[in-house]
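Engineer: Chains as they are written, first to last, in our numbering: chain A, 249 to 542; chain W, 128 to 552.
Shown below is the structure under consideration.
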Amino acid sequence: MTRTASGPSRYGRWGFLFCLPALLFIAIFQLYPVLFSYFISLHEYDLLSPPRYVGFKYYLGLASDKAFLRSLGITITYVVYTVVPVLGIAFWLGWSLTKLGRSRGVWRTLIFLPSVMPLVSVALTWKLLLNVQGPVNDGLGFLGMAPVSWLTSSAMAPWALILVSWWHATSYYTIIFLAGFLAIPRDHYEAAALDGARGWSVLRHITLPSMKPTIALVVVLSTVNGLKTFAFQQIMTDGGPAGSTQILTLLIYKTSFSFLQMGKASTYSVVLFTGILVISLLQIWLLRDRHRHA
Amino acid sequence: MRKFQSALLSWALAGASTLALAGSATAAELTFWHHTYPPATDFIAKKAAEYTAQHPDVTIKLHEDPHGDYEVKLTAAIAAGNPPDIINVLDYLFPQYASKGILAPVDPAAFGQKSQADLEALYQPSALSGLTIDGKTYGVPEEFNTLALFLNKKHFADIGLDANDPANWPKTWNDVFELSKKLQKKDESGKTTRLGFNWVWNLDPYWYAQQYWPILVQYGCDVIGADGKAAINSPACVQAFTETWQRMITDGTGGPELATVNPVNALQDFSEGRQSMAIAGIWAPPLYSDEVKADYVVAALPQRDVAKPATLLNSYALAVTSGSKNQKEAFEFLRFLTSDSDGYLAATGYVTGLKGWADTDVAKQTRGSAVFAEGQKHGSFVWRSPTWAQEGTAIKNAIEQFAQGVPVQEALDQAAAEIDQIRAN
C-alpha cells in the first residue's frame, strides 16, 4: 500500500522536474515580460533613465489619445475585414479539397505554401508586386484598367494589406478546415443520404454542427493573429502613408523603440492583451458546443 | 617522478594563467557600434587594424546594423547597462542622449588640445555646434554633411544641356521643377521611365527632414515658435511646402508613386540612372552604379533666394559612452581615426569637418568638394527637441497627406496640433 501511495507522488516529483526547464522558460521569457509590461505601464520610462511612477496616467489618457484611437480603429477594421472573408474562403477551399481524389495532396501542398514561406520575403515580394509601376498594375493595364496606388494612397493601402492577408491566412486555415472535414465520420453522411438529405440540408444539419469546434478554433486563431499582426504592415508600408495602416502592434513598436515611451507603449500592450483575451473568451463561449456539454 | 612532473606542469600552467590575466588587465577591447554603410565599416576596420598594430594593448571590435535597427539596438544595449565604448549617433539625438548622461564629454587632451576652445579650433565653424550642449561637446564628427544637387550628365545631354556648365544648373526650386518636366521620360503607355527629380518618400522622418529643413529655413519657417508651440502651420511654412513638395505632385513630375523606396539606399532611382537630379550629401557617390558614378555632376543646392543661401548641416558623429571603462583609449582611437580626413573622404565620401579638409589633393580630386565646402558655410542643424522623433513623424505624415491631395494648410494644421500634444505630455 505504501509503495502504491508513494508512486504517484514520486512520479509527480519526476514529472515536475522534467517540466521544470519548460516552466522556467515560460516564466522567464513569457510570464515575466507580461508582468513587467503591467508594471511599466504605470511608469514613465524612456529606457535611458530609471522608471518614474505615474499611476494610471496613461490609462486615463487613452480616451483622448488620437494616435491610439486611430490605430485601434485601423486594427479593428483590419481584423473584421480579414477574419470574416478568410473564414469563408478557407471553409470553402477546405470543403472543395475533400471532394478531390488523388490530386488532393498536390492541391493541399500548393494551398499551404504561403504559410511556410518566410513572412519577410512574402511581404517584400508583395511590396514589389503592388508598386504603382509593378506587375499587378501592369496586369490591370493589360485589362484596360487604370493603375491603382496600392501602397501610396491612404485609401487603398489598408485594403492592399487586407488582400495580402487573405492570401496568406487562407492557406493555413484551409488546412485546419480540411482536417476538420475529414474527421467527420462518413456514416453521418451515409445516414443522411438514406434519409434523403441533400446539399444545404446536409451542410446545415451534419457538416456545420460537426465542424463547430473547428470553426471556433479558426475564428479564435484568426482573430488573435489578426490583432497581433505586424510584419506585413511594418515591411510593406511602415504604417503609412500618413499613418493609414498603423495598426496597434506597430504603434506599440514605434512608441517604445522610436519614441522611447515605454510606459505608454506598455499601456497599449496591456489594452491589446486584455482585448485579445476578452474577445477570445467571448468567441469560445459563443461557439461552444452546447450539446456536448448538456 | 611522475607526481613531480605533474606538480611542475600545474605550477607552470598556473603561472602562465596569472601572467595572461595580468596582461588582460591592462589590455583594452573597445566595442564600436556603427550604422551599416559598407565603405565606412571597411575603412574603420582597416584603421582599427592599423591602430592595434601600433597599440597592441588596444583591440577594436566593430559591430554594425542598418540605420533604424541600429538606433533600436543601441538604445536596448544602453538600457541593459551594456553600452558599447564608441557609438555612432545622429546629431539630432545628442540633446536626448547627453541629457540622460549617456555620453562622455570629449576630452580635449585626448585630441592633443588644452581646452574646449582649442578643440573647436580644429574644426570648421559649426562642425561641433550640433554636438555641443551647454558648452560641453559630446562627440566628434565622422561626417559633417551638407547637401547639394546631384545631376546626371547624360540625362542633361539628352535635352541639350551641358551639366558641367554651372550656367545650366538649376539655381532656384522653380528652375528644378521646370527642368524636371523636360528631363522626365515616359513610354507609350504613359508610364514614367525616367524622373527629372523627386523627394525621398516612405522613409523615416529624418530622411524627410534632411530634405525639407533647408527649404523651411529659406522660407523663414520655424517648426517650433519662440513660445515653444508648433509653428509648422504658419503662412511661411505653408508657402514653403506648397511651392516645393506639393508643387511636384501638382506638376505630375514626382511623388511617392514614382519613387523606388529602399531604406538602405534612399537614392536608388538616381543611383540606378532612373532619375536625373537628386538631393544628397557628399557620402552618396559610393552607392551609385558604375555608370552613374561616371556621369554625375555636383551642383549647389537650389535656393528660394540665391542671394541668401541656406542649406542643412548634419552629422553622424562618433561619441564615447559615459559607461565605457575605456574612455581614454576610446577617445585616443577616435582621434587617430578621425584625423585621417583624406582617408575618410577617399574611402567613404565622409567629410570629417576638420579645418582645411577641402584644401587637400584628395578633396580637390573629389567631385563637388568645393560645392560642399561652400554649403557648410550656409547650413544649420534641424530643430532640437527631446521629442524630435514624434514631431518629425507628425510632419512626415502631413507631407504624405498633402501628397495625396489634402490641402497643405489642413495637413500642417493637423501636424501642429499633434506636435503641441506631444510637447504637452
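Just so it is clear, CB atoms sit at the ideal spot from N, CA and C, and this is done for glycine as well.
Counting only the same chain and skipping the five closest in sequence on each side, list residues whose C-beta sits under 7 Å from that of residue 289 of chain A.
Structural biologist: 306, 511, 514, 515, 518
Engineer: Have a look at residue 410 of chain W and residue 421 of chain W and give me their C-alpha separation to the nearest angstrom.
Structural biologist: 16 Å
Engineer: From what residue to what residue does the alpha helix (DSSP H) around residue 320 of chain W run?
Structural biologist: Here residue 320 of chain W belongs to no alpha helix (DSSP H); instead the beta strand (DSSP E) covers 319–324.
Engineer: Drop a sphere of 10 angstroms on the beta-carbon of residue 557 of chain W, count the other beta-carbons inside from all chains shown, and report buried for 16 or more, exposed for fewer.
Structural biologist: Nothing can be reported for residue 557 of chain W, as the shown portion of chain W is limited to 128 through 552.
Engineer: Give, in chain order, every unbroken run of the beta strand (DSSP E) that is at least 3 residues long and sits entirely within the segment 186–231 of chain W.
Structural biologist: 213–217
Engineer: To the nearest angstrom, how far is the alpha carbon of residue 167 of chain W from that of residue 472 of chain A?
Structural biologist: For residue 167 of chain W and residue 472 of chain A, the gap between their C-alpha atoms comes out near 43 Å.
Engineer: Please confirm whether residue 199 of chain W has its beta-carbon closer than 8 Å to some beta-carbon of chain A.
Structural biologist: Output row for residue 199 of chain W: interface = yes.
Engineer: By Cβ distance below 7 Å, which residues in the same chain neighbour residue 497 of chain A in space, the five residues on each side in sequence not counted?
Structural biologist: 476, 477, 478
Engineer: Does the beta carbon of residue 383 of chain W sit closer than 8 Å to a beta carbon anywhere in chain A?
Structural biologist: Closer than 8 Å: yes.
Engineer: Taking 8 Å as the CB-CB cut-off, is residue 488 of chain A touching chain W?
Structural biologist: yes
Engineer: With a Cβ-Cβ cutoff of 8 Å, do residue 531 of chain A and residue 427 of chain A count as a contact?
Structural biologist: no
Engineer: Can you tell which of W:523, W:535, W:514 has the C-alpha that lies nearest to the C-alpha of residue 551 of chain W?
Structural biologist: For the residues W:523, W:535, W:514, the minimum Cα distance to residue 551 of chain W belongs to W:514.
Engineer: Looking at chain A, is there any beta carbon in it that lies within less than 8 Å of the beta carbon of residue 524 of chain W?
Structural biologist: yes
Engineer: Measuring only between beta-carbons, confirm whether residue 295 of chain A sits less than 8 Å from chain W.
Structural biologist: yes
Engineer: Under the three-state reduction of DSSP, which class applies to residue 267 of chain A: helix, strand or coil?
Structural biologist: helix
Engineer: Indicate the three-state DSSP secondary structure (helix, strand or coil) for residue 267 of chain W in the structure shown.
Structural biologist: DSSP places residue 267 of chain W in the strand class (E or B) of the three-state scheme.
Engineer: Can you give me, in chain order, the residues of the segment 381–399 of chain A that have a beta carbon less than 7 Å from any beta carbon in chain W?
Structural biologist: 381, 389, 397
Engineer: Taking 8 Å as the CB-CB cut-off, is residue 229 of chain W touching chain A?
Structural biologist: Closer than 8 Å to some Cβ of chain A, the Cβ of residue 229 of chain W qualifies, so yes.
Engineer: When the Cα atoms are used, what is the spatial distance from residue 336 of chain W to residue 338 of chain A?
Structural biologist: The alpha-carbon atoms of residue 336 of chain W and residue 338 of chain A are separated by roughly 45 Å.
Engineer: Determine the closest residue to residue 276 of chain W out of W:211, W:499, W:483, with distance taken between C-alpha atoms.
Structural biologist: W:499
Engineer: Can you have a look at residue 261 of chain A and say buried or exposed, based on whether 16 or more other CB atoms are within 10 angstroms of its CB?
Structural biologist: The residue in question, residue 261 of chain A, is exposed, as its Cβ has fewer than 16 Cβ neighbours within 10 Å.
Engineer: Apply the 10 Å Cβ neighbour rule to residue 459 of chain A and answer buried if 16 or more other Cβ atoms are within range, or exposed otherwise.
Structural biologist: Under a 10 Å Cβ-count criterion, residue 459 of chain A is classified as buried, with 16 or more other Cβ atoms of the shown protein chains found around its own Cβ.
Engineer: With 16 as the cutoff for other CB atoms within 10 Å, does residue 416 of chain W come out buried or exposed?
Structural biologist: Counting every other CB atom within 10 Å of its CB across the protein chains shown gives residue 416 of chain W a total below 16, marking it as exposed.
Engineer: Mind listing which residues of the segment 302–319 of chain W have their C-beta closer than 8 Å to chain A's C-betas, in chain order?
Structural biologist: 316, 318, 319
Engineer: Interface residues of chain A around residue 206 of chain W at Cβ under 8 Å?
Structural biologist: 295, 296
Engineer: So with Cβ pairs under 8 Å, would you call residue 516 of chain W a contact of chain A?
Structural biologist: yes
Engineer: Any C-beta of chain W sitting closer than 8 Å to the C-beta of residue 491 of chain A?
Structural biologist: yes
Engineer: The alpha helix (DSSP H) spanning residue 324 of chain A covers which residue range?
Structural biologist: 314–346
Engineer: For the putative contact between residue 230 of chain W and residue 188 of chain W, defined by C-beta atoms under 8 Å, what is the C-beta separation to the nearest angstrom?
Structural biologist: Incorrect: roughly 20 Å between the Cβ atoms, too far for contact.
Engineer: According to DSSP, is residue 251 of chain A helix, strand or coil?
Structural biologist: Annotation note: pLDDT 48 at residue 251 of chain A (below 50); position unreliable, coordinate value reported separately. Residue 251 of chain A: helix per DSSP, three-state reduction.
Engineer: If the cut-off is 9 Å on Cβ atoms, which residues from the segment 326–342 of chain W count as contacting chain A, listed in chain order?
Structural biologist: 328, 329, 330, 331, 332
Engineer: Below 7 Å on C-beta distance, what does residue 506 of chain A contact in chain W?
Structural biologist: 516
Engineer: Under 7 Å between beta-carbons, which chain W residues line up against residue 401 of chain A? List them in chain order, please.
Structural biologist: 531
Engineer: Contact criterion: CB-CB distance below 8 Å. Does residue 445 of chain W meet it with respect to chain A?
Structural biologist: no
Engineer: By the criterion of Cβ-Cβ separation under 8 Å, what are the contact partners of residue 202 of chain W in chain A?
Structural biologist: 295, 296, 505, 508, listed in chain order.
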